[in-house]
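> Following this message is one structure expressed as structure tokens.
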Amino acid sequence: MPKYLNPYAAVNDADLLSEAFARSQDERDPLSSLRAEFVIPTKGDLRNRRYGPVGNQTTHASSATARPDDHEESVYLCGNSLGLQPRRTREYVNRYLDTWASKGVQGHFKPLEGGHPPWLDLDDALKEQTARIVGALPTEVVVMETLTANLHLLMSSFYKPTPDRYKIIIEGKAFPSDHYAAQSQLAHHNVPSSALITITPPSADSPYLTTEHILSVISQHNATTALVLLPGIQFYSGQFFDIELITRHCHSLGIIVGWDLAHAVGNVPVKLHDWNVDFAAWCNYKYMNGGPGVIGGLFVHDNHGKVEQTQLDGDPNHINHTQLVYKPRLSGWWGSDKSTRFRMENEFIPIPGASGFQLSNPSALDMTSVLASLDVFSLTSIEALRARSLRLTAYLEERLLRYGNKTPPYKIITPANPAERGAQLSVLLNPGLLDHVLNYIEEHGVVVDERKPDVLRVAPAPLYNSFWDVHRFVVIFQEGCRRAIARTGSGSAETTNGAS
Ligand SMILES: Cc1ncc(COP(=O)(O)O)c(C=O)c1O
Numbered sequence: 001m002p003k004y005l006n007p008y009a010a011v012n013d014a015d016l017l018s019e020a021f022a023r024s025q026d027e028r029d030p031l032s033s034l035r036a037e038f039v040i041p042t043k044g045d046l047r048n049r050r051y052g053p054v055g056n057q058t059t060h061a062s063s064a065t066a067r068p069d070d071h072e073e074s075v076y077l078c079g080n081s082l083g084l085q086p087r088r089t090r091e092y093v094n095r096y097l098d099t100w101a102s103k104g105v106q107g108h109f110k111p112l113e114g115g116h117p118p119w120l121d122l123d124d125a126l127k128e129q130t131a132r133i134v135g136a137l138p139t140e141v142v143v144m145e146t147l148t149a150n151l152h153l154l155m156s157s158f159y160k161p162t163p164d165r166y167k168i169i170i171e172g173k174a175f176p177s178d179h180y181a182a183q184s185q186l187a188h189h190n191v192p193s194s195a196l197i198t199i200t201p202p203s204a205d206s207p208y209l210t211t212e213h214i215l216s217v218i219s220q221h222n223a224t225t226a227l228v229l230l231p232g233i234q235f236y237s238g239q240f241f242d243i244e245l246i247t248r249h250c251h252s253l254g255i256i257v258g259w260d261l262a263h264a265v266g267n268v269p270v271k272l273h274d275w276n277v278d279f280a281a282w283c284n285y286k287y288m289n290g291g292p293g294v295i296g297g298l299f300v301h302d303n304h305g306k307v308e309q310t311q312l313d314g315d316p317n318h319i320n321h322t323q324l325v326y327k328p329r330l331s332g333w334w335g336s337d338k339s340t341r342f343r344m345e346n347e348f349i350p351i352p353g354a355s356g357f358q359l360s361n362p363s364a365l366d367m368t369s370v371l372a373s374l375d376v377f378s379l380t381s382i383e384a385l386r387a388r389s390l391r392l393t394a395y396l397e398e399r400l401l402r403y404g405n406k407t408p409p410y411k412i413i414t415p416a417n418p419a420e421r422g423a424q425l426s427v428l429l430n431p432g433l434l435d436h437v438l439n440y441i442e443e444h445g446v447v448v449d450e451r452k453p454d455v456l457r458v459a460p461a462p463l464y465n466s467f468w469d470v471h472r473f474v475v476i477f478q479e480g481c482r483r484a485i486a487r488t489g490s491g492s493a494e495t496t497n498g499a500s
């Protein structure tokens, strides 16, 4: 792999490793102020076994378990799993509760001064902002259902196996839910399970998949493949795939391609419309900060969302002689024309675009929560966030690479090329260290997530994480590594590194 110049590589140890350096990076970045939009759990909140923040409880402060750093902000670098709560979410959800309490069913359609749009119109209200985040036209996106359910719904429209083309290509380490979804789609269509083709890395030592390798596997199966389903960012390695190039390659071979953007949305800029992506789906609970298990979103390219009326033979003025032509789908009443939805007639008239794929009356509570999070995104742009994210992750990388004058007892398995990763770095620890390191860092108020047996995923989310967070993480993490090595006697890689 070529070497990529880290902008922090030129900074000497005395500066780079200091807290003052991290603080100065935060001070000079105008986006640092967005952190104030979020509730950052304190270390005491995380240690506390009772429900709710420590600050709300009367008994905890005086308890024997109180610790001096309980009121310090925790080091939360886990937005790749569950984003933190925007402060405004509580206010928005309270407004939703007030509307429900005071208006009942009228909350669906009655415009209210100082309130949010009526629940019936919330899906439209979310489109513009969602579209900006994923590089789509507002008609191409909709907030609905959840990620795996949406992948199934989309595959029900886009995976149409024929005797010639029936294979689905995914990557070998696809998130299990995607694996199950693809497998069960094959079974649903009575296609043998051997038609699931998995792209695995050429080398067992690294999870990295070169674009050339991905393209070559697709080419190898070109005549028999109906669908390629890939992640925008791989959940384990953090690799950001070349969505544009892979999509173009699939289309040149007549293959439909869909993207699971769980780890990409709100993390990296994507241009789903311009890149001609056929379909995509995502969740709103990771970098989108909508709340645990909240309603997800999907994209259907304009090319596939059209609803056209064709004239049948006979009297051209008679309504019964026209027919709607649209992409077949599993449908429900919420995907049908809004103006006639409540007439309770049996003709399905799909809303043009992604909205026509909706099934059910969506949870207004969920949509309110997503609205709060989108309103935070609207305070900046995804491009500005990306610029900050590149700096934050480069700083994290450079700090991790410096481990005194020793070889670190871990290696970063996320690509070194900034264009091939988002916020997350995945750190592969030497065998036997993970549990000890994890215990130590959790004890010290750090939240990252683990992938057994040896990987920690560390994700500085540019909306709320600071350089100071990264500094504190690396100090605590590296101390955890030293202690784990001392305790286990393992991590024999901690030998003096003659190079530096
Ligand atoms: C890449 C990826 N795909 C699919 C899922 C499943 O999402 P859901 O449970 O919302 O369907 C996840 C969940 O974290 C994920 O990370």
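Numbering (UniProt numbering), first residue to last: 1 to 500.
Quick reminder that beta carbons are idealized off the backbone N, C-alpha and C, glycines included.
Would you kindly work out how many angstroms separate the C-alpha atoms of E494 and Y8, rounded to a whole number?
Confidence at E494 is low in this model, with a pLDDT of 44, below 50, so the placement of that residue is unreliable and no value is reported for it.
> Looking at ligand 1, does it come within less than 8 Å of L147, judged from the CB to the closest heavy atom?
True, at least one ligand heavy atom lies under 8 Å from that Cβ.
> Q424 and I233: beta carbons closer than 9 Å?
Yes. Within cutoff.
> Which of the three DSSP states, helix, strand or coil, is assigned to W275?
W275: coil per DSSP, three-state reduction.
> Taking C-beta to C-beta, are L77 and V458 nearer than 9 Å?
It is a contact, given that the beta carbons lie within the stated cut-off.
> Please name the residue or residues paired with C78 in a DSSP beta bridge.
According to DSSP, which records beta bridges pairwise, C78 is partnered with A459.
> What number of angstroms, rounded off, separates the C-alpha of Y4 from the C-alpha of R67?
Near 42 Å, if we compare the C-alpha coordinates of R67 and Y4.
> Indicate, with yes or no, if ligand 1 has a heavy atom lying under 8 Å from the CB of G296.
For ligand 1, at least one heavy atom lies less than 8 Å from the Cβ of G296.
> Which class does A204 belong to by DSSP, given the choice of helix, strand or coil?
Residue state, collapsed to three classes: coil.
> Considering Cα atoms alone, identify which of D98, N94, A136, S184 is closest to G305.
Closest by alpha carbon: A136.
> Pair every Cβ in the region 368-381 with every Cβ in the region 171-188, then say whether three or more of these pairs are closer than 8 Å.
Too few Cβ pairs lie closer than 8 Å, so no.
> Taking V277 as the reference, which of L298, G290, L456 has the closest Cα?
Nearest option by C-alpha distance: L298.
> Taking one C-beta from the region 347-354 and one from the region 11-25 each time, how about it: are there three or more such pairs within less than 8 Å?
Result no; under three Cβ-Cβ pairs closer than 8 Å.
> Helix or strand or just coil, what does DSSP make of G232?
Reduced to three states, the DSSP call for G232 is coil.
> Over the uninterrupted alpha helix (DSSP H) stretch that includes I133, give me the two end residues.
Note, I133: alpha helix (DSSP H), 122-134.
> Could you pull out every unbroken beta strand (DSSP E) segment of at least 3 residues lying fully inside the region 412-451, listed in chain order?
Complete beta strand (DSSP E) runs here, min 3: 425-429, 449-451.
> Do the CB positions of T488 and G404 come within less than 9 Å of each other?
Going by C-beta atoms, T488 is not nearer than 9 Å to G404.
> Going along the chain, which unbroken runs of the beta strand (DSSP E) with 3 or more residues stay wholly within the region 137-165?
Those beta strand (DSSP E) runs which fall completely within the region 137-165 and span 3+ residues are 141-143.
> Figure out for me which residue from A364, H444, S331, P362 has the closest Cα to the Cα of I349.
If we check each option's Cα against that of I349, S331 comes out closest.
> Specify the secondary structure class of S216 as computed by DSSP and reduced to three states.
It is helical.
> Please name the residue or residues paired with Q309 in a DSSP beta bridge.
In the DSSP output, where bridge partners are listed per residue, Q309 has L324.
> Cβ of E19 within 9 Å of Cβ of H444?
No, these two residues do not count as a Cβ contact at 9 Å.
> Does the distance from the C-beta atom of L196 to that of P161 stay below 9 Å?
No, Cβ-Cβ distance for L196 and P161 is not below 9 Å.
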